[in-house]
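In my numbering, each number is its position in the sequence shown, counted from 1, plus 1082.
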Amino acid sequence: MTSPLAVLRSEAAAALLERAARCAGTPLSVHYVERNQEGPRIVGWGVCRACRHIAEVPGGRAACRQSRISAASVALRQDRPVVFLCHMGFACVSAPLLAGEGFVMTLGPYVPAGEAQSLEFDAINGLAALTGEHPDAFPEPLDDIHHAPAGAAPAVAEWTREGMEALFAAQVSTPQAAEDEKALPEETAAPHRKKPRTHVLQAYAAAEIAAALAAGDITQARHLLHGTLAEIYTHRRVRIAVRRARILAAAAATLEAAERASLDTVRAWGAFQEFVARCQQASSDPALLDTAMELLGLVARDARRKDAEAEVPGDATAFSRMNDLIQSRLIEGITLEEIAAQLGETASAITHRLQRKFGMSFSEYVGRIRVEKAKELLRRTKLSATEVARRVGIGDQSNFGKLFKKFTGKTPKQYREDYARKS
C-alpha cells in the first residue's frame, strides 16, 4: 500500500493542493499532527505579509503553531473542516486530508465577508499580545488577505479532501513510498492505514468541458459536468456535501483547463468565491449544475464575444463548427479529412489546435465524446454493451471495450456495476 506521505508529495497532490489554494484565495500548508505535536510543513503555498512579519517577532512562530495544533486537534476529532481564529484574530480553516492518518491542511488567513472592518483592529491587538506594545497601526499592509464568503474556504477544504482520498485510492505501491515514510520525524511517523480504499473516482472531464465551452456548446458542457456527479452514486445515498465538493472540484479543474487553452477566464475566476457560496446553498443536483453552468457559461460567452470582436473569425468559431459537425455525424462517423474539407482548413491545422489547447488529438477528442455518451447510457439504461456501442457510433464491440477502458480505466461492465443507479 502506498504511503500517505508519498501521495502528499506526488505531483498530482501538488496540483490538487495548489488549485485549492488558488480557489480559496489563501495560503495553504499541510502538517502531520499527533498528540498535540506538529511535524514540519510537508507542502504549502503562499504566505501573507502579515504572517511573514509575525514569524519574525519573538514568539510569533510558536503562537502560530499552537493555533494550528489546537484547531487541527478539533478537526481530526470531528473528522471535518473547522473554522478557527488564530492568535492574531485572523480566520483560518483546519481540515483533515486523509481520514485517520493525522495529516491536516490549513487554509488562511482570510477575511469572511462583512468582517473587513475588524481586520486592522485584530491585527494590532494580536501584535500587541506578542510584543507588549500597542502600535497605532500594523506595520505591514493587510490588503493581500483575501476577502471571501464565510463558507467558501470550508467548502474548498471539503472537495480538496475528496480529491486527496481519490488520489490515495488510485496510487500503487512504490519503493519510494517507504523512503518517504522514513523522512518523517520519529515522533510524527504516520500510522499505517488499517482499511484499504478500493473505490476510485474517475477524473473530472475538465479538458472536454473546456473544449465544449470553447465551442459554445453549453448543452454538452452541462452533460459532461453532470457525469462528474453521476459517477459518485453507488447503492448508498451520497451526502449533498460530497456532491457539492465534487462540483466545486470539477468547476475549478475546468477553469484551469480553459486557462491553459488560452480562453478568457478572468471573469469566471473573479466570480469563483461567490460560486462557492452559492454551492453551499444548493440542495440538489440540478441546483448544483445550474450554479456551476452560470460560472462556466462566462467562459463560453467571453469566447464568443472575443471571436465576434475579431476581424477574422478565430478559434471559437472553428471549434463551434467542428463540434457541430462531429455531433451531427457521431453515429454514422466522420473523419478528420471530412471535417477539414468542410471547415476549409488542413487536417494538420485542426489537429495542432486541439493538441495545443486541450492536449487531445482529433481521434481522442471524438473518442472521448463517444465514451461520455456511452457512460450515460450504461448508467441510465439496461442496454447491452453491443447496443450501447452502436448508439455512440462504434460498430465493433471489441473496439468499443478497448476505447472505453482506455479513457475510464474500466470495462463497460465494470463501469455499469460501479455507477448504474440502483432502483
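From the three backbone atoms N, C-alpha and C, an ideal C-beta is built for every residue, glycine too.
Query	Result
Hey, how far is the Cα of Glu1419 from the Cα of Glu1240?	46 Å
The beta strand (DSSP E) that contains Cys1522, what's its start and end?	Because residue 1522 is not part of the residues shown, which for the chain are 1083 to 1505, the question remains open.
For Ser1410, I'd like the list of residues in its chain whose CB is within less than 6 Å of its CB, leaving aside the five on either flank, ordered along the chain.	none
In terms of alpha-carbon separation, which member of Gly1379, Leu1459, Val1186, Gly1477 lies closest to Glu1499?	Leu1459
Let me check understanding here. Comparing Cα to Cα, which of Asn1207, Gly1475, Arg1091 lies closest to Ile1136?	Asn1207
With a 10 Å radius around its C-beta and 16 neighbouring C-beta atoms as the bar for buried, classify Glu1338 as buried or exposed.	buried
Under the DSSP definition of a beta bridge, which residues are partnered with Glu1116?	Gln1119
The beta strand (DSSP E) spanning Val1089 covers which residue range?	Per DSSP, Val1089 belongs to no beta strand (DSSP E); it is in the alpha helix (DSSP H), 1086-1090.
Using only the alpha-carbon positions, how far apart do Ala1287 and Ala1332 sit?	8 Å
CB Val1129 to CB Val1112, shorter than 8 Å?	no
Compare the beta carbon distance of Ala1177 and Glu1244 with 8 Å and say whether it is the shorter of the two.	no
Going straight from the alpha carbon of Leu1295 to that of Arg1304, what length do you get?	10 Å
Rounded to the nearest angstrom, how far is the Cβ of Ala1095 from that of Leu1249, given a contact under 8 Å?	6 Å
Helix, strand or coil: which one does DSSP assign to Ala1502?	coil
Taking DSSP as the reference, what is the three-state secondary structure of Pro1236?	helix
Who does Gly1126 pair with in a DSSP beta bridge?	Ser1111
Return the bridge partner residues of Ala1177 from the DSSP annotation.	Met1187
Here's the rule: buried if 16 or more other CB atoms are within 10 angstroms of the residue's CB, otherwise exposed. What is Phe1489?	buried
Just reading off the beta strand (DSSP E) that Ala1287 is part of, what are its end residues?	Unbroken run through Ala1287: none, as it is neither H nor E.
Quick test of the definition: if touching needs 3 or more C-beta pairs under 8 Å, does the segment 1224-1240 touch the segment 1343-1352?	no
In this structure, how does DSSP classify His1228 when only helix, strand and coil are distinguished?	strand
Figure out for me which residue from Gln1160, Ser1155, Arg1150, Leu1180 has the closest Cα to the Cα of Leu1167.	Arg1150
Grouping DSSP H, G and I as helix and E and B as strand, with all else coil, what is Pro1140?	coil
How many Å lie between Gln1437 and Ala1359 at the Cα?	35 Å
Please return the same chain residues whose Cβ sits closer than 7 Å to the Cβ of Gly1107, not counting the five positions on each side in sequence.	Tyr1192, His1228, Ala1230, Gln1355
Excluding five sequence neighbours on each side, which residues of the same chain lie with their C-beta closer than 8 Å to the C-beta of Ala1210?	His1216, Pro1217
Which of the three DSSP states, helix, strand or coil, is assigned to Leu1465?	coil
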